[in-house]
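One structure is given below, encoded as structure tokens.
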Amino acid sequence: MHLLLPGPTPIPEAVQKALIGAMSDHRGTDFGRVQAQVLDGLSTLFKTPSAQHVALMPSSGTGGLEAAVQNLFGPGDTVLVVEGGLFGQRFGEIAQAHQLQVDRLQIPWGQAFSTQAILDRVRSASYQGVLVTHNETSTGVLNPVEDLADQLQQLDRSPLLVVDSISGVPSIPLTVDHGIDTIIAASQKGFMCPPGLALAALSQRARETVLQNRPGRFYFDFRPYLMGRLPYTPAISLWYGLHAALALLFEEGAESRLQRHIRLRNMVRAFAQAGGFPPLVDDAAASPTVTALRVPADVNPHDLRRRLVAQGLQIAGGVGAWHDQVIRIGHVGAVDVGDLWAGLGLLAPHMPHPNQALAAAAAAMDKSGGDN
Ligand SMILES: Cc1ncc(COP(=O)(O)O)c(C=O)c1O
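Under the working numbering, the first residue of the sequence shown carries the number 6, and numbering increases by one thereafter.
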């Protein structure tokens, strides 16, 4: 089965082997070595001040978002949530569920946020936090989070910048040293592992905020994790898998990894435009890891996906308002040009102009160069 989903994503063989290794005592020396190396690796990847600025916990990504809200804020705190899609909306719902005062900045689906619009809101109120989505998986939009971080740092009193990068990092590099207070990620996308681990990478001031005494957290309390302790039985196999995945990530390097994903995105966009399933997002905001395509009125995207599964290809459907008009192609994590080419070959016959689609994808593949 070819997997072109925006998560879960294909798992490299070295990671698969690590995942099915013998079980080990999580208080023993072998696991202790892996634990230290994983936390050091994550600290290097996210450029945190130290390994004690990373919390890695058993949960899917949503648990990571909820944990960040619980650990950084308390009831009555006011946050600005930037909502440009399903996952931005959910971040707001989580904050609301924890009794934060939530102000929302709505961005039309398919568009990136404007840093200026966020700054205007931040200047007009007193926020403890700004909650944004780096890569909005529901629409395939990449938001200019680093630009926002640069601008927020110019303010006299800047709120904590908390970023959902669950479908962004590490395929799209984003680091704490860039003025971001918390980056939340999950194992099943760019980390090339199965679902089940969520992580938060923290700045110094975010760590200090977490360490303050505040009620309302127990299982997802970051504090023991930030002291290097594992208070409950960790997802041992997933830690071993992530250990192997980090070795692959460092071998490839952040810049080559980003260029590989950009190349995949360019292939998908050229293919889709020429084939008659136009991308919904403009070039400037197009995500390197997921692309949403509009299908023609006479194509039922749900039937199409069912037929593709029978032919050996899994892609994602549209969500929310885009449920019945859209398909999404994931090109995140351990996907190379060959994997993508094979998947597009299965999709092309279902498009209005299959030959043009494949010719455009081939041209985009050649144009991007490289040997990925
Ligand atoms: C941007 C973003 N945020 C949050 C989530 C939710 O993560 P999970 O399904 O792992 O809980 C996802 C999952 O696709 C996502 O892409």
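Note that beta-carbon positions come from the ideal geometry of N, C-alpha and C, so glycine has one too.
With respect to 6 angstroms, is the separation between the Cβ of residue i and the closest non-hydrogen atom of ligand 1 below this value?
i    : result
F118 : no
F92  : yes
I171 : yes
S261 : no
G66  : yes
A191 : yes
G12  : yes
T142 : yes
For residue i, is the classification buried or exposed, using 16 other Cβ atoms within 10 angstroms of its Cβ as the cut-off for buried?
i    : result
K194 : buried
F255 : exposed
M6   : exposed
R38  : exposed
T4   : Because the chain spans 6 through 377 in this model, residue 4 falls outside it and cannot be assessed.
I320 : buried
Q159 : exposed
R311 : exposed
R234 : exposed
G375 : Model confidence at G375 stands at a pLDDT of 47, short of 50, so the residue's coordinates are unreliable and nothing is read from them.
Q209 : exposed
V135 : buried
Please state if the CB of residue j and the CB of residue i are separated by a distance shorter than 7 angstroms.
i    : j    : result
A154 : S170 : no
F276 : A364 : no
P13  : P175 : no
Q156 : L124 : yes
M62  : A203 : yes
Could you spell out where the alpha helix (DSSP H) holding residue i opens and where it closes?
i    : result
M272 : A259 to G280
V342 : V342 to L352
I99  : L91 to A102
G154 : With the sequence shown as reference, residue 154 is identified as Ala, and Gly is not the correct amino acid for it. It spans V150 to Q158 - the alpha helix (DSSP H) in which A154 sits, taken as one unbroken run.
V74  : G66 to L77
For residue i, which option in the options has the closest C-alpha, if you only look at C-alpha atoms?
i    : options                   : result
Q75  : R228, A259, N360 and D182 : R228
S261 : D152, I177, L285 and S143 : I177
G93  : E141, L243, T83 and P113  : E141
Q330 : G348, H336 and P306       : P306
I185 : L251, H103, S119 and V150 : V150
Starting from residue i, trace the beta strand (DSSP E) both ways and give me its first and last residue.
i    : result
P63  : V59 to P63
V107 : Q106 to Q111
I320 : L318 to G322
V127 : That residue, V127, is in no beta strand (DSSP E); its alpha helix (DSSP H) goes T120 to R128.
R219 : Taken as a continuous stretch (DSSP letters only), R219 belongs to no beta strand (DSSP E), as it is neither H nor E.
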